[in-house]
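The structure under discussion appears below in the form of structure tokens.
There are 2 protein chains.
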Amino acid sequence: MTEKLVYWFGSSGTEGSGELRSILGGKGAGLAEMSLLGIPVPPGFTISTAVCRHYQEHRGSYPAGLEAAVATQVQRLETELDRQFGSPERPLLVSVRSGAVVSMPGMMDTVLNLGLNREIAERAAARGEDPRFVFDCYRRLLTMYGDVVLGVPHAAFEKLLVEARRQQEVSSDQELTAEALDRLTRAFEELISGHGTAFPQDPNEQLWGAIGAVFGSWDNQRARAYRRLEGISDDVGTAVNVQAMVYGNRGDDCATGVAFTRNPSTGEPQLFGEYLVNAQGEDVVAGTRTPQPIVAPEGGQGLAERFPGASQQLHEVATRLEAHFGDLQDLEFTIESDRLFLLQTRSGKRTGPAAVRIAVDLAVEGKISREVALTRVEPQQLVQVLAPGFDEEEKRAAIESEGRLLAVGLPAGPGAACGRLVLDAERAAEWASDGPVLLVREETSPEDIVGMHAAVGIVTARGGMTSHAAVVARGLGKPCVAGAEALLIDEESGTVTVGDQTLREGEWMAIDGARGQVLSGRLEPRDSSVLRSLLGESGAIETPVAASFRTLMEWADQMRRLRVRANADTPDDARVARAFGAEGIGLCRTEHMFFAEDRIGWVRQMILADSDAARQQALDRLLPMQQADFEGIFEAMDGFPVTVRLLDPPLHEFLPRESKAIAQLADQMGQPAEEVQAAVTALSETNPMLGHRGCRLGLTTPAIYAMQVEAIVRAACLRTRAGHRVRPEIMLPLVGSEAEIAALRASVAEVAQRVEAEYDLHLDLLIGTMIEIPRACLLADRIANHADFFSFGTNDLTQMTYGFSRDDAGRFLPEYIEQGLLEVDPFQSLDVAGVGQLVQLATERGRAARPSLKVGICGEHGGDPRSVTFFERCGLDYVSCSPYRLPVARLAAARCLLFEGGELA
Amino acid sequence: MTEKLVYWFGSSGTEGSGELRSILGGKGAGLAEMSLLGIPVPPGFTISTAVCRHYQEHRGSYPAGLEAAVATQVQRLETELDRQFGSPERPLLVSVRSGAVVSMPGMMDTVLNLGLNREIAERAAARGEDPRFVFDCYRRLLTMYGDVVLGVPHAAFEKLLVEARRQQEVSSDQELTAEALDRLTRAFEELISGHGTAFPQDPNEQLWGAIGAVFGSWDNQRARAYRRLEGISDDVGTAVNVQAMVYGNRGDDCATGVAFTRNPSTGEPQLFGEYLVNAQGEDVVAGTRTPQPIVAPEGGQGLAERFPGASQQLHEVATRLEAHFGDLQDLEFTIESDRLFLLQTRSGKRTGPAAVRIAVDLAVEGKISREVALTRVEPQQLVQVLAPGFDEEEKRAAIESEGRLLAVGLPAGPGAACGRLVLDAERAAEWASDGPVLLVREETSPEDIVGMHAAVGIVTARGGMTSHAAVVARGLGKPCVAGAEALLIDEESGTVTVGDQTLREGEWMAIDGARGQVLSGRLEPRDSSVLRSLLGESGAIETPVAASFRTLMEWADQMRRLRVRANADTPDDARVARAFGAEGIGLCRTEHMFFAEDRIGWVRQMILADSDAARQQALDRLLPMQQADFEGIFEAMDGFPVTVRLLDPPLHEFLPRESKAIAQLADQMGQPAEEVQAAVTALSETNPMLGHRGCRLGLTTPAIYAMQVEAIVRAACLRTRAGHRVRPEIMLPLVGSEAEIAALRASVAEVAQRVEAEYDLHLDLLIGTMIEIPRACLLADRIANHADFFSFGTNDLTQMTYGFSRDDAGRFLPEYIEQGLLEVDPFQSLDVAGVGQLVQLATERGRAARPSLKVGICGEHGGDPRSVTFFERCGLDYVSCSPYRLPVARLAAARCLLFEGGELA
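Protein sequence lines correspond, in order, to chains G and U. Residue numbering for the first sequence follows my numbering, beginning at 98 and increasing consecutively. Residue numbering for the second sequence follows my numbering, beginning at 98 and increasing consecutively.
The structure is reproduced here in structure tokens:
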């Protein structure tokens, strides 16, 4: 290995920079860049990610020259700081931290105060250093090293600490005396030895132990699972940062804290964060002491009031760093004896609403271009912007004032939900008809699927981000908190206990899936302000986020090539779709109209008719109803194309299954119940997905399609007469052969011409087909001979190409994802390698046969960013998805033009 | 049109020949060829098939020059025979017959005695011609012309004829006096006029009327349906033959007959046929008089006894023609005043057994090559050779002596069946458990599917060769007689009436689907002699057909490149497969073993186990049973490869569905019935075809495959030790991704190595996969990285590629075929255009990634000749099918090498 393995950073001669992120990791790159900018950063060095790759490939051994290089850098630290590693007189203490290219839960994080040992601590105390400070540092080192390097459970240290507080009758660690801390360090040393390996007193051994722990943790199970979930390659590797310590716990003129350059929840352009006086980094997140806000509410004591100089400097540094990186920064800082040190800067994580507001604000402020602003919002985040969520104030009150936070688990499925607690999947399904239920399980299994469908949210006490519950919940789009280990579930007694609090089945609970929070009692999700504003609800206030959202969408629309349409079945849907920016309807499912209360009776009579005349009579009743729907839709979509799919599901879907409902229907129809039962049974199918449906029905019972086409064309003629610009597109479902579409196209055209003649009009009418059967893709050239357009039905195409029934795949898909056999659920994100081949091939063959062929897609994949990127590359004309996914599609369609090979172009 | 439109034939200057079949049609080519050979043929001329095409394309008009050409030929006839068309003194009479390239039911067939009219008839009688003969000719002309040219129902003529016989108190037409015949012709003339158009007295008008009727009938519905069924192009067209009459009805030294050069039922090498004295052609088939056999049983009066000279000549002609054409000839002849005339020669239709024997005999006699012999047997005919059939003697006795023939309909599904009459599909399903039933319906519809499955055979009173009943029956491989119009079905009273005979539901019936015969009473189908001989049953006599069959198979095996294997699940199956020539087992389905009575209990315990330990306990019980099966199979297949497919169906298929059976199972397992019911419900699936099955089960419940692999490898090791050559191939079902096969291959190999090590053996073991999911085809290159072989599961691949559920497609496939939307059921014959693309692509990609990849197919398509031809072209290594289809596959694999573009190469 001849490449450089170790990079120095600090006020003198920084060797790296922000550019070298892939070598230095995120943290190391930030430290180097800050050093270059002259921002006060304790000096140190970064061991490159190349070492991590070597370590993985050579079973834990380091490349030649690494030890010497590290030793040289340690010497440089010693020289610069005039201290010595392992010296009892002027000891050099360092922190060791991991630093992957993207931050990654599951990996070893931080060991502070490394270089300390019993001798040094005692000598320092003897020398007159504050003994409380010294033993506080040592007990922290023992805890962190024991936990993350030597694998002694953190809880064991915590237990001894609680015991010490109890003995001293104090409530916080800060109040422990030096003697108490000294005793505690001895107890900790014994605890560690009791687990097999004594704590190494040699600082050098400590250093290499910590470095090895970081590199080793790259490959642990949780880290691997996380990478799989996030699509991060195993080859990226992590860096290790070794940095001189500065102390926030050296007295009351010291502090430590975290800060965001803007509010990461709301996007508000104001420094936001928390700090703790006389503390070290982990205290802020540990929750034993309550940190104070940096910007205090009026009258409170913020950082400015407590540390005016450091505060002023922090504000300046924040502004500089944000401008420099052109993005929200997440900072870690320490104040030692009123002097500010920065320990980290990185792009800050933010909520969806904050992402939207910050991206637009930064662009408006001229700090980034509009293109960059578009890349700063993940399309998926828009779902959060539009989804119902808890009012942040209400939730804070529930947690802080009312103490209703039961547990925090993994944020396994975003969204907010509130419902009655149920511990059993079957019961969940039963109770769901009486109101929302939350399913709480130790962990879920395929048998729970029905209950998971019925519940508004899911909580498990065990399992990670790729557990069955997590995978299924995300698939269903339901909020989920996984691995909320604090919950003690007792199925027998029907209770959930946390500490001294016990909830019984039927009591109310609420979860915030984006934060992993579980709350007791009711907390109702509210419609998002952006949604209310988009839908123009009366009284809706245009919030800053809503305004930013509109701006961002405008920029996206200017950028994208792909058109976007909505799947919408009713005039109401159509109006919502327009509000969400639909440039047409890509899928209007006529069967949804069939289920309306005033129609289903006629639909059933039509199905069960024992003569052509009886069937026609029922169809004649349905025609004006369908026609009225289409008139409404055409009006709402004035000027835009509307693709109407003719009847698709098998007829038995419209019939009742329960014997009671059958008896009722028989009564209505004046037929014996046995006859109706026999007809229902005769129509049932073994594999309805592959059964007698779609155009197969249209060909064997032509009267149904004839009625539908007449309703569409009549509505179009009437709306045209009324002055609207109507662009109807009639779509034939489930076509698999040239013969099918040729025959159906002829019948559709015949009816259309007849009705057009009646109104003396010539409509701008297209006739096309769904492409949702593998065979249709293979024979797309022949089918295109008879189709004005193709619309890929990627749901069904995925079912048939993969051989997965969407209704049944819940039994094994989660396990497939857990086992790493599948990266993502192919019903959520298009299987580009397999189904994608067919989409591409059909597009090419179809256009070769008919260059004017319009090609779109109308499955739910139309609202999935990864899939949209693929559709853009295939050169499709449009994507169509549910109205609420339209913003995602619009943004994704723009963004994918800005990237090339994953990099900003 | 400058091509020649009309071709002369006769003893002088024949213009065509047998080579010009596509221009002259089959009949015309035969007449020309016989003329060239100097065989006595009445002279005449053939209007070419090009005229037919012109007629179709120009809405019934003829090409320029045709009328003049026909007139010239008529003049030539007049000159040669010294007679004149339309002359009352020396009238020229001709026949007009259609003559397509292949004979085709549904088309206009024959009009005899054309040129006759009332004036000519009366003048001839007055001139001293036998008046009985003259008016007999005229009444025949009126009947045929009225029926086929003018559309007067044949039954109307028949009715008048019966009336005349009744009035004269005679039993046959022969006995009618000249006066009676004269009266009859007048009645016929009136009958015709009553239908709108008078019978044309002008012979020239008659001639053109008949010619037009032939060309017009090419495009009628029945002819079109037949062509679709047989895959004949609409462009082929028919010729028209105009030929001078000779008279078999001129007195007792006259006769007419049909003869086959060998027996078309048995293949016996002896002239076979029938004749009628003093009759014209149609009398032989009309059935009003019983014809006499040409070769009479001992003591009887055959042709040789009655017409020694003509008989001698006929034998000579037959021998010459057979040798000349190298095939069984079907002859029509007439003897006029002891002189023999040949009216037709063509390749004779024959039964499967006859086809086999004749092909082999002709080759052995040196009349054809072995290659040609192979082309003379349609692979499908071998099914008939092997299928149970009626004993011909028994059936003849039942029909002739016992008068049990109820009706003759269309031969819509070959095979023989005997069962109790049932008129209702549901009842058929109920009764079937008590013994065989025959379902008899007016016509069938999708609701009857269950009953059609349950019945041993199907009869309908209405519908043609492509009716629902016919299509479904052929799909199910069941005998079927369609459109047996004589049957009067009364569902109310549960009876079927024919004439004065009435059968009630529950009474016995029998059908011969290859002949369209419906018989009353019992007639048990017998195993075929060839089958008994192949299986080496004790007491089986090696019949000539069986010997020929073996010879033909040997020739096929020498010729073919494709290997053939059998689908066989048990040691018994394996032995049968060897007898049928299997060169290995291509598909051994382990799940069939699971259903055995001593196992299903353990299988269910395994499925419903509530712990891994309980599951393993059940698996441990199943292991030795599976192992024993495999030992038996490996022994039977010594030296040949055996492909074992690991468990494929979803687990719920092994569980009971009825609540009673569930209660019983719960009882056996000592569990509450509700729990077992809940488990059964939880396992049920919406679309089991696309559900949790195949390798998906293997990955989520690895213990099952581990047990199966252990059983296979253990059996292989034991048999190897016992001195057999064992070639096991383990096949993973339903693989759709590289990850699946990579993971499973590793587990299979691990178990195999462990067991091999135990026996200190290294087996010749292959691990491969079914290719039955479209995605697997698309990613075949990646999957081939982990597979030693591919075996296409074309049943499932067809289901998914076409989106057809095989269990449900019966609802619409028959209608699709009837409407011409599909040519054939894609589950019977591979959809080359669609599914075939995937087969080809997967083969290419798989072999590109792994050149040594073995590729086969193990769906039922492996026994379908058309599909086998495609697999040969794709370069597959083998096909595998059910043992009884193996001869079909072997012959098809050889034959397809002999053809190129449909022509013999």
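In this text, a Cβ means the ideal position worked out from N, Cα and C, and glycines have one as well.
query: Could you check how far apart the C-beta atoms of G603 of chain G and V578 of chain G are, in whole angstroms? I think they sit under 8 Å.; result: Rounded, the Cβ-Cβ distance is 20 Å, inconsistent with contact.
query: Which bits of chain U does I870 of chain G rub up against, with CB to CB less than 8 Å?; result: T898, Y899, G900
query: Can you give the Cα-Cα distance for H859 of chain G and D670 of chain G, rounded to whole angstroms?; result: 27 Å
query: Can you tell me which of G:P871, G:V339, G:F285 puts its alpha carbon nearest to the alpha carbon of Q172 of chain G?; result: G:V339
query: Does the beta-carbon of Q678 of chain U have 16 or more other beta-carbons within 10 angstroms, so that it is buried, or is it exposed?; result: With the sequence shown as reference, residue 678 of chain U is identified as Gly, and Gln is not the correct amino acid for it. Result: buried.
query: Here's the rule I'm using: 16 or more other beta-carbon atoms within 10 Å means buried, otherwise exposed. How should I638 of chain U be labelled?; result: exposed
query: Hey, is L748 of chain G's beta-carbon within less than 7 Å of any beta-carbon in chain U?; result: no
query: Could you check if D244 of chain G is buried or exposed, using at least 16 other CB atoms within 10 Å of its CB as the buried criterion?; result: buried
query: Would you kindly check if the distance between the Cβ of E869 of chain G and the Cβ of G904 of chain G is under 7 Å?; result: Here residue 904 of chain G turns out to be Asp, not Gly, going by the sequence shown. No; because the gap between Cβ atoms is not below 7 Å, this pair is not in contact.
query: Whose C-alpha, out of G:A566, G:R236, G:D587, G:V311, is nearest the C-alpha of T274 of chain G?; result: G:R236
query: Please confirm if the stretch 792 to 802 of chain G is in contact with the stretch 831 to 840 of chain G, defined as three or more CB-CB distances below 8 Å between the two stretches.; result: yes
query: Quick one: does D1015 of chain U have its CB under 7 Å from some CB of chain G?; result: Because chain U is modelled from 98 through 1002, residue 1015 of chain U falls outside the range shown and cannot be assessed.
query: Do you know how far the Cα of Q925 of chain U is from the Cα of L744 of chain U?; result: 25 Å
query: Helix, strand or coil, according to DSSP, for R824 of chain G in the structure here?; result: strand
query: Would you call R324 of chain U buried or exposed, if buried means 16 or more other Cβ atoms sit within 10 Å of its Cβ?; result: buried
query: Using the Cα positions of L748 of chain U and A525 of chain U, report the straight-line distance between them to the nearest angstrom.; result: 30 Å
query: For R742 of chain U and G953 of chain U, which I take to be in contact (beta-carbon distance under 8 Å), what is that distance rounded to the nearest angstrom?; result: Not a contact, Cβ separation roughly 12 Å.
query: Report yes if the CB atom of A310 of chain G is closer than 7 Å to the CB atom of M241 of chain G, and no otherwise.; result: no
query: Alpha carbon to alpha carbon, how far is L257 of chain U from A284 of chain U? Give it in angstroms, no decimals.; result: 8 Å
query: What separation, rounded to the nearest whole angstrom, lies between the Cα atoms of G306 of chain U and F909 of chain U?; result: 41 Å
query: Using only alpha-carbon positions, find the residue among G:E540, G:C955, G:T940, G:E395 that is nearest to D521 of chain G.; result: G:E540
query: Can you give the Cα-Cα distance for F357 of chain G and G791 of chain G, rounded to whole angstroms?; result: 55 Å
query: Output, in chain order, the set of chain G residues within a Cβ distance shorter than 7 Å of Q774 of chain U.; result: The contacting residues do not exist; Q774 of chain U stays about 12 Å from chain G at best.
query: Please identify the residue among G:G956, G:C955, G:F968, G:C993 whose C-alpha is closest to the C-alpha of Q937 of chain G.; result: G:F968
query: For D974 of chain G, collect the residues of the same chain with a Cβ closer than 8 Å to its Cβ; drop the 5 residues on either side in sequence, then sort them by chain order.; result: L659, R660, K951, V952, G953
query: Does the stretch 390 to 410 of chain G come close enough to the stretch 453 to 468 of chain G that 3 or more CB-CB pairs lie under 8 Å?; result: no
query: Is it the case that the stretch 129 to 138 of chain U contacts the stretch 415 to 433 of chain U, given that we only count it when at least three CB pairs across the two stretches are under 8 Å?; result: yes
query: Round the Cβ separation of R66 of chain G and P188 of chain G to the nearest angstrom and send it over; I've been treating them as touching at under 8 Å.; result: The question about residue 66 of chain G has no answer, for chain G in this structure spans 98 to 1002.
query: Keeping to the same chain, check which residues put their C-beta closer than 7 Å to that of D435 of chain U; ignore five residues upstream and five downstream.; result: D350, F404, G406, A407
query: Can you name the residues of chain G whose CB is closer than 7 Å to the CB of T274 of chain U?; result: None at all; the shortest Cβ gap to chain G is about 54 Å.
query: Using the rule of at least 16 other Cβ atoms within 10 Å of the residue's Cβ for burial, across every protein chain shown, is R970 of chain U buried or exposed?; result: exposed
query: Closer than 7 Å, CB to CB, is N784 of chain U near chain G or not?; result: yes
query: Counting only the same chain and skipping the five closest in sequence on each side, list residues whose C-beta sits under 8 Å from that of S466 of chain G.; result: A460
query: Count the CB pairs spanning the stretch 566 to 584 of chain U and the stretch 606 to 620 of chain U that are closer than 8 Å, and state whether there are at least three.; result: yes
query: Quick check for students: name the residue ranges of the beta strand (DSSP E) that lie wholly in the stretch 675 to 723 of chain G, counting only runs of 3 or more.; result: 682 to 686
query: Between which two residues does the alpha helix (DSSP H) holding C351 of chain U run?; result: Neither: C351 of chain U is in no alpha helix (DSSP H) and is coded neither H nor E.
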